[in-house]
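S.K.:
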Amino acid sequence: MTRLSLEHVSFWYPATDTPALADVSLEVAGGEVVALVGAVGAGASTLLLVAADLAPRVVGGRLEGAVDFRGRGNGEGGRGIVLPTPWTQVSGMAFTVWDEVAFGPANLGWPREQITRHVDRALARLEIAALRDREPATLSGGELQRVIIAGILAMDPALVLFDEPTAELDPAGARMLWRLVRSLAAEGKAVIVATNDLDALPDVADRVVWLEQGRAKKIGPPALLAEDALCAAGLGTAVAVVWRAGGLPRPYPLTVDDAVRLWRHR
Amino acid sequence: MTRLHPFTLLALAAALVALAWLLPAPWGAAGTLAVAAVLALFSGAGLTPGASPGSTGTGMSPGWRPGLVVLRTAVVTAAPFWLFLFILHDVPTTVALGLRITTMVASVVWLVAVLAPARLVEAMVAAGWRAGTAYLFAATLSAVPVLKARAQRIVEAQRCRGLSPRGGLGPRVRALRALALPLILSALHEVDERALALESRGLVPGARRTPLAPPPDRGAERAVRWALVALCVAALVWRLA
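Chains as they are written, first to last, in my numbering: chain A, 97 to 362; chain B, 57 to 297.
#1: What are the boundary residues of the alpha helix (DSSP H) that includes G188/B?
#2: What residue ranges within the segment 236 to 279 of chain B form continuous alpha helix (DSSP H) runs of no fewer than 4 residues, ordered along the chain?
#3: Give the single residue among A220/A, R278/A, V277/A, G205/A whose Cα lies nearest to the Cα of V243/A.
#4: Check each candidate in L97/B, A162/B, T158/B, A269/B and name the one with the smallest Cα separation from P122/B.
#5: Looking only at its chain, what residues have a beta carbon closer than 6 Å to the beta carbon of A301/A, apart from the 5 residues adjacent to it on each side?
#6: Measure the alpha-carbon distance for T266/B versus F199/A and round it to whole angstroms.
#7: Determine whether the Cβ of D195/A lies closer than 8 Å to any Cβ atom of chain B.
#8: Under 7 Å between beta-carbons, which chain B residues line up against A202/A? List them in chain order, please.
#9: Excluding sequence positions up to five away, which residues of its chain have a Cβ less than 6 Å from the Cβ of T192/A?
#10: How about A118/A and Y109/A: are their beta carbons less than 8 Å apart?
#11: Find the residues of chain B that neighbour Q185/A, judging by a C-beta separation of less than 9 Å, and give them in chain order.
#12: Return the CA-CA distance between S279/A and I177/A, expressed in angstroms with no decimal places.
#13: With a threshold of 16 other CB atoms inside 10 Å of the CB of P345/A, please say whether the residue is buried or exposed.
#14: I want to see whether chain A comes within less than 8 Å of E212/B, judged by CB atoms only; does it?
#15: Is any non-hydrogen atom of the ligand GDP found closer than 7 Å to the C-beta of A148/A, if you look at the structure I gave you?
#16: Between the Cα of A334/A and the Cα atoms of A355/A, T212/A, A281/A, which residue gives the shortest distance?
#17: So what does DSSP say about S106/A, is it helix, strand or coil?
#18: With C-beta atoms as the reference, is L79/B less than 8 Å away from A291/B?
#19: Hey, out of I315/A, I224/A, V163/A, G343/A, whose CA is closest to T98/A's CA?
#20: Determine the closest residue to C216/B out of I143/B, L197/B, A231/B, with distance taken between C-alpha atoms.
#21: Restricting to Cα atoms, I'd like to know which of G134/A, D149/A, D216/A is closest to A50/A.
#22: Using a Cβ-Cβ cut-off of 7 Å (strictly less than) and excluding sequence neighbours within five positions of T104/B, which residues of its own chain qualify?
#23: Let me check understanding here. Comparing Cα to Cα, which of A341/A, E308/A, Q309/A lies closest to D324/A?
#24: Name the residues in the segment 136 to 151 of chain A whose C-beta lies less than 7 Å from a C-beta of chain B; which are they?
#25: From the DSSP secondary-structure annotation, give me the bridge partner or partners of T262/A.
#26: Just checking my contact of S106/A with G161/A at CB under 8 Å: how many whole Å lie between their CB atoms?
#27: Residues of the segment 158 to 181 of chain B in Cβ contact with chain A at a cutoff of 8 Å, in chain order, please.
#28: Are any of the Cβ atoms in chain A nearer than 8 Å to that of A194/B?
#29: What are the boundary residues of the alpha helix (DSSP H) that S279/A is part of?
#30: Could you tell me how far apart the beta carbons of L257/A and L144/A are, in whole angstroms, since I believe they sit closer than 8 Å?
#31: For a contact meaning CB atoms closer than 8 Å, what does E277/B contact in chain A?
#32: Does DSSP classify G343/A as helix, strand or coil?
#33: Is the segment 197 to 212 of chain A touching the segment 266 to 285 of chain A, taking contact as three or more C-beta pairs under 8 Å?
#34: Within the continuous beta strand (DSSP E) that includes L153/B, where are the two ends?
#35: Count the other CB atoms, across all protein chains shown, that sit within 10 Å of the CB of W83/B; report buried if there are 16 or more and exposed otherwise.
#36: How many Å lie between P173/B and A202/A at the Cα?
Shown next as structure tokens:
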């Protein structure tokens with residue numbers, strides 16, 4: 097079932113003439129993980145804001161085209177977005193991590209038992225149950241990032257949008273996050289993630305959208321990340337980029353396993 | 057003191073300010089200031105590190121020290137008012153207005169020190185206020201400590217880049233300029249980010265929040281609040297009579 101549909105969407109930030117998104121069309125189904133890749137300023141974050149119904153409603157600016165979300169607004173059954181800077185997403189109204197994660201569900205007006213159930217589950221999924229009584233201000237950047245993600249997941253959104261979710265995480269935290277993304281999709285949630293962690297995408301993403309100057313230049317399976325054009329743009333996986341830099345023949349391998357296989361068959 | 061219901065703390069601060077202006081100067085204002093000073097001195101009682109997010113008490117040792125810091129903050133904030141009053145008015149007017157203004161400042165500084173914004177939100181939501189309105193009140197209370205912490209981080213960053221805020225007037229002015237611009241710009245930028253974050257976490261207009269841990273509102277505290285209102289009304293009637 098299509099959860100989100102963008103049709104010929106263009107978006108201009110306030111007081112700008114150049115669109116941050118230009119004629120982007122994309123459909124995302126429940127149970128699907130779509131990765132947005134591109135250089136800085138390519139429009140990935142803007143696409144997430146549009147998908148989250150924050151642009152232009154909160155951000156301002158002008159939108160053309162059609163955005164169709166099949167869900168229930170924000171929160172439960174709706175849309176949840178994890179922004180790239182965790183310290184600006186803290187409510188500032190919580191004594192403990194548990195309260196911070198419960199901030200969103202409480203704003204939805206859920207009964208207390210439902211809030212408790214969802215918060216405890218989110219804390220467990222993000223592997224931060226041990227932090228539940230800590231004050232948010234005392235957390236490290238990585239811990240805070242997990243808390244913010246838990247806060248969004250506790251609201252049980254049907255469409256989850258991640259903007260650079262691994263930026264504050266250590267390698268183990270990043271691996272945990274990617275496993276979580278796959279498990280969200282397995283539950284039937286639609287997930288869109290903007291990331292520069294390109295090496296993780298072959299195992300995580302169902303589709304990859306290559307954005308350049310606000311346009312969706314190419315949409316395809318993760319194998320896209322081993323194509324010559326993306327490697328040339330610095331958007332290939334590390335293995336593909338090294339293979340290409342070594343002057344080895346195409347097709348470029350996407351992962352280490354692919355590289356080993358190709359090398360043995362040379 | 058931090059265990060008192062947020063509405064009681066608000067009522068105390070508001071009553072002190074009202075009485076400072078209603079009662080005859082200078083003795084009335086001197087009395088309210090004395091009460092405000094005593095409250096400020098005791099503001100450390102029961103305050104644990106982090107109990108009041110961003111408050112002046114965070115990270116302090118227990119005992120008198122938090123109260124002294126609150127009192128000092130109030131005195132330092134009120135001092136410029138005394139200077140301007142002294143330039144503009146005669147001594148009796150300066151004393152009368154100065155005591156009233158200092159009461160206002162001391163009451164607000166005490167309130168910021170003892171009232172945790174999170175508890176205020178919980179109390180307001182439990183009393184039937186909308187979450188957005190409650191958050192607006194609480195965010196206003198926490199704005200000063202948040203800006204103070206941010207300014208401290210910027211000063212440390214500027215120090216790392218060789219700019220010293222110490223020394224003569226020249227270096228201090230240069231340091232102030234280097235502090236002010238990043239402080240204002242980062243605060244404005246964070247407003248945008250925070251608006252997005254709060255929207256995405258369900259704090260939308262009309263949201264009916266579930267109170268997670270509403271502070272207990274005892275009958276005695278409610279009585280004290282009504283008594284404070286009655287006291288202010290009585291003072292007003294007395295002054296108008």
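C-beta atoms are modelled at their ideal positions from N, C-alpha and C, and glycine is treated no differently.
M.R.: On the basis of the data shown:
#1: Here residue 188/B is taken as the residue at index 132 of the second sequence, counted from 1. 187 to 216 is the span of the alpha helix (DSSP H), which, as asked, contains G188/B.
#2: Within the segment 236 to 279 of chain B, no complete alpha helix (DSSP H) run reaches 4 residues.
#3: For this step, residue 243/A is matched to residue 147 along the first sequence. Taking only the C-alpha atoms, the option nearest V243/A is A220/A.
#4: Within the second sequence, residue 122/B is the residue found at index 66, counting from 1. Checking every option, the nearest Cα to that of P122/B belongs to L97/B.
#5: Within the first sequence, residue 301/A is the residue found at index 205, counting from 1. Annotation for A301/A: V129, A131, P318 place their beta carbon closer than 6 Å to its own, counting only its chain and skipping 5 residues before and after.
#6: Counting from one through the second sequence, the residue named residue 266/B turns up at place 210. Counting from one through the first sequence, the residue named residue 199/A turns up at place 103. Going from the Cα of T266/B to the Cα of F199/A covers about 9 Å.
#7: Translated into the one-based positions of the first sequence, residue 195/A becomes position 99. Yes, because at least one Cβ of chain B sits closer than 8 Å to the Cβ of D195/A.
#8: As a position in the first sequence, residue 202/A is number 106, starting the count at 1. Taking a Cβ-Cβ threshold of 7 Å, the residues of chain B close to A202/A are R265, T266, L268, in chain order.
#9: As a first step, residue 192/A must be located in the first sequence, where it is residue number 96. For T192/A, where only same-chain residues beyond five positions count, the Cβ hits under 6 Å are D229.
#10: Numbered from its first residue, the first sequence carries residue 118/A at position 22. Numbered from its first residue, the first sequence carries residue 109/A at position 13. Contact flag unset, no.
#11: As a working mapping, residue 185/A is identified with position 89 in the first sequence. Near Q185/A (Cβ distances below 9 Å), the residues of chain B are E249, R250, L252, A253, L254, S256, R257.
#12: Looking up residue 279/A in the first sequence gives position 183. Looking up residue 177/A in the first sequence gives position 81. The C-alpha of S279/A lies about 17 Å from the C-alpha of I177/A.
#13: Here residue 345/A is taken as the residue at index 249 of the first sequence, counted from 1. It counts as exposed.
#14: Position 156 of the second sequence holds residue 212/B. By the rule that beta-carbons nearer than 8 Å mark a contact, E212/B does not touch chain A.
#15: By its list of ligands, the structure shown contains no ligand whatsoever, and the ligand GDP lies outside what it can speak to.
#16: Start at 1 with the first residue of the first sequence, and residue 334/A comes out as number 238. Closest in C-alpha terms to A334/A, from the list A355/A, T212/A, A281/A, comes A355/A.
#17: Residue numbering aside, residue 106/A sits at position 10 when the first sequence is read from its first letter. Strand, per DSSP.
#18: Residue numbering aside, residue 79/B sits at position 23 when the second sequence is read from its first letter. Residue numbering aside, residue 291/B sits at position 235 when the second sequence is read from its first letter. Yes, these two residues count as a Cβ contact at 8 Å.
#19: Position 2 of the first sequence, counted from the first residue, corresponds to residue 98/A. Per the C-alpha coordinates, the member of I315/A, I224/A, V163/A, G343/A positioned closest to T98/A is V163/A.
#20: Here residue 216/B is taken as the residue at index 160 of the second sequence, counted from 1. If we check each option's Cα against that of C216/B, A231/B comes out closest.
#21: Lying before the first or after the last residue shown, residue 50/A is absent from chain A, which here runs from 97 to 362.
#22: The count along the second sequence starts at 1 and reaches residue 104/B at position 48. With a pLDDT of only 43 at T104/B, under the threshold of 50, the placement of this residue in the model should not be trusted; the figure read from the coordinates follows. None.
#23: Numbered from its first residue, the first sequence carries residue 324/A at position 228. Of A341/A, E308/A, Q309/A, the residue nearest in Cα terms is A341/A.
#24: Listed by position, the residues of the segment 136 to 151 of chain A near chain B (Cβ gap below 7 Å) are A148, L150.
#25: In the first sequence, residue 262/A corresponds to position 166, counting from 1. According to DSSP, which records beta bridges pairwise, T262/A is partnered with nothing at all.
#26: Walking along the first sequence from the start, residue 106/A turns up at place 10. Walking along the first sequence from the start, residue 161/A turns up at place 65. Yes, they are in contact, since the Cβ atoms of S106/A and G161/A sit about 6 Å apart, within 8 Å.
#27: Listed in sequence order: A172, P173, A174, V177.
#28: By 1-based counting over the second sequence, the position of residue 194/B is 138. Yes, A194/B counts as interfacial toward chain A.
#29: Sequence index remark: in the first sequence, residue 279/A carries index 183 (1-based). That run of the alpha helix (DSSP H) goes 267 to 282.
#30: In the first sequence, residue 257/A corresponds to position 161, counting from 1. In the first sequence, residue 144/A corresponds to position 48, counting from 1. Going by Cβ atoms, the distance from L257/A to L144/A rounds to 5 Å, so yes, they are a contact pair.
#31: As a first step, residue 277/B is located in the second sequence; it is residue number 221 there, counting from the start. Result: empty, since nearest Cβ-Cβ is about 21 Å, beyond 8 Å.
#32: Numbered from its first residue, the first sequence carries residue 343/A at position 247. G343/A: coil per DSSP, three-state reduction.
#33: The segment 197 to 212 of chain A makes no contact with the segment 266 to 285 of chain A; the number of CB pairs closer than 8 Å stays below 3.
#34: Position 97 of the second sequence, counted from the first residue, corresponds to residue 153/B. No beta strand (DSSP E) holds L153/B; the alpha helix (DSSP H) holding it covers 147 to 170.
#35: By 1-based counting over the second sequence, the position of residue 83/B is 27. Counting Cβ neighbours within 10 Å, W83/B comes out exposed, since fewer than 16 surround it.
#36: Here residue 173/B corresponds to residue number 117 of the second sequence, with the count starting at 1. Here residue 202/A corresponds to residue number 106 of the first sequence, with the count starting at 1. The alpha-carbon of P173/B is positioned some 16 Å away from that of A202/A.
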